[in-house]
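Per the working numbering, the sequence shown starts with residue 47, numbered consecutively. We treat Cβ as the ideally placed atom computed from N, Cα and C, and that holds for glycine. The structure appears right after this line, and notes come after that.
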Amino acid sequence: MGFIDKLFGNSTKEEKTMGKLKIGIILGSTRQGRVSPQVGEWVKGIADKRGDAEYEIVDIADFKLPFLGEADAPGIGAWNEKLASLDGFVFIVQEYNHSITGALKNALDLARDAWNNKAAGIVSYGSTGGARAAEHLRGIMGELMIADVRVHPTLSLFTDFENGADFKPQALHLDNVNAMLDQVNAWSGALKTLR
Ligand SMILES: Cc1cc2nc3c(=O)[nH]c(=O)nc-3n(C[C@H](O)[C@H](O)[C@H](O)COP(=O)(O)O)c2cc1C
47 MGFIDKLFGN STKEEKTMGK LKIGIILGST RQGRVSPQVG EWVKGIADKR GDAEYEIVDI
107 ADFKLPFLGE ADAPGIGAWN EKLASLDGFV FIVQEYNHSI TGALKNALDL ARDAWNNKAA
167 GIVSYGSTGG ARAAEHLRGI MGELMIADVR VHPTLSLFTD FENGADFKPQ ALHLDNVNAM
227 LDQVNAWSGA LKTLR
C-alpha cells in the first residue's frame, strides 16, 4: 500500500480487520443431533452483516475436552489459546434440567485467565426460552470476571423451532440480537483496555 493510498484513507483488507474486536460465538451443546449449530450460524449471519467485529463460531465439541481433572489432553491448551485470542463472547445456551449443559460448564471450568475481563452476551433456547439456564450462566460469569450484557434474546422450542429440531426463528428476534451485539461490542472494547 502506497503513501498516496494511505493519505486518502484507502486501506487493505488486512488493515481493515486488524483493529477489529474478535468475538467468539460459543456453541454450548455437544450432543449428537443438537440444534446449537443452526442457532450459532443464524447469530453469525446477523453479526457478519454488521461489519463491526470479527465473529467466529467456537464449537466446544471440536476440542475433545476431557472432564476437568480426568486427563491431560491437548484440547485443554487449544481451548485456552482460542479463548485467549478472543475479546468477547456470545454464548449459545440451551436449557438442560433448568441449567446449562454439562459440556458448557466443564468448558467454562477448564479456563480461567482467558475468560477474565471480557464481555459476553447470551442467546438461549428451551421451553421457556432457556431463561433458567441463562440465569445460571450469569452467576458463573460473575466468578469468571466476564461482564454479561443485559439484552438477551430468548428462543422458544415451540415457536422458533419446527418439531423442536428445525430452527425457524421469528423475525422479532432480529432487533434483539443486534441490540445484544451492540452491548457486547461496546463492553468488549472497553474491557480490552484493562487487559
Ligand atoms: C438432558 C436434557 C435435559 C433437558 N432439560 C430441559 C429443561 O429443563 N428445560 C427445557 O426447557 N428444555 C430442556 N431440554 C430440552 C432442550 O432444551 C432441547 O432438547 C434443546 O434442543 C437442547 O439443545 P441442543 O439441541 O443444542 O442440545 C432438555 C434436553 C436434554 C437433552
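Using a threshold of 9 Å, state whether the C-beta atoms of residue 79 and residue 104 are closer than that. no
For the beta strand (DSSP E) that contains residue 70, what are its first and last residues? 67-73
Quick one: is residue 62 buried, meaning 16 or more other Cβ sit within 10 Å of its Cβ, or exposed? Residue placement at residue 62 cannot be trusted, given a pLDDT of 48 that sits under 50; what the coordinates show is reported in the next sentence. The residue is exposed, with fewer than 16 neighbouring Cβ atoms inside 10 Å.
Any heavy atom of ligand 1 closer than 8 Å to the CB of residue 244? In the structure displayed, the chain extends from 47 to 241; residue 244 sits before or after that span and is not available.
Label residue 149 either buried or exposed according to how many other C-beta atoms from any shown protein chain fall within 10 Å of its C-beta, with 16 as the threshold for buried. buried
What does the alpha-carbon distance come out to for the pair residue 119 and residue 154? 16 Å
Flag residue 198 as yes when its Cβ comes closer than 8 Å to any non-hydrogen atom of ligand 1, and as no otherwise. no
For the beta strand (DSSP E) containing residue 157, list its first residue and its last residue. Segment: none, residue 157 is in no beta strand (DSSP E) and carries neither H nor E.
Are residue 134 and residue 68 close, meaning C-beta to C-beta below 9 Å? yes
Which word fits residue 123, buried or exposed, when buried means at least 16 other C-beta atoms lie within 10 angstroms of its C-beta? exposed
Spatial neighbours of residue 163 within its chain, please: CB distance less than 7 Å, with the 5 preceding and 5 following residues excluded, ordered by chain position. 191, 237, 240 and 241
Reduced DSSP secondary structure (H/G/I, E/B, other) of residue 261: Lying before the first or after the last residue shown, residue 261 is absent from the chain, which here runs from 47 to 241.
Supposed contact pair residue 177 and residue 233 - C-beta distance, whole angstroms, cut 8 Å: The pair is not a contact, with the Cβ atoms about 21 Å apart (cut-off 8 Å).
Within 10 angstroms of its Cβ, does residue 231 collect 16 or more other Cβ (buried), or is it exposed? buried
Suppose you measure from the CA of residue 97 to the CA of residue 204; what does that come to, to the nearest Å? 32 Å
Starting from residue 134, trace the beta strand (DSSP E) both ways and give me its first and last residue. 134-140
Rounded C-beta distance between residue 93 and residue 227? I'm assuming under 8 Å. 6 Å
Residue 164 bridges to which residues according to DSSP? 192
Kindly indicate which residue of 207, 152 and 90 has the alpha-carbon position closest to the one of residue 110. 152
Is any non-hydrogen atom of ligand 1 found closer than 8 Å to the C-beta of residue 81, if you look at the structure I gave you? yes
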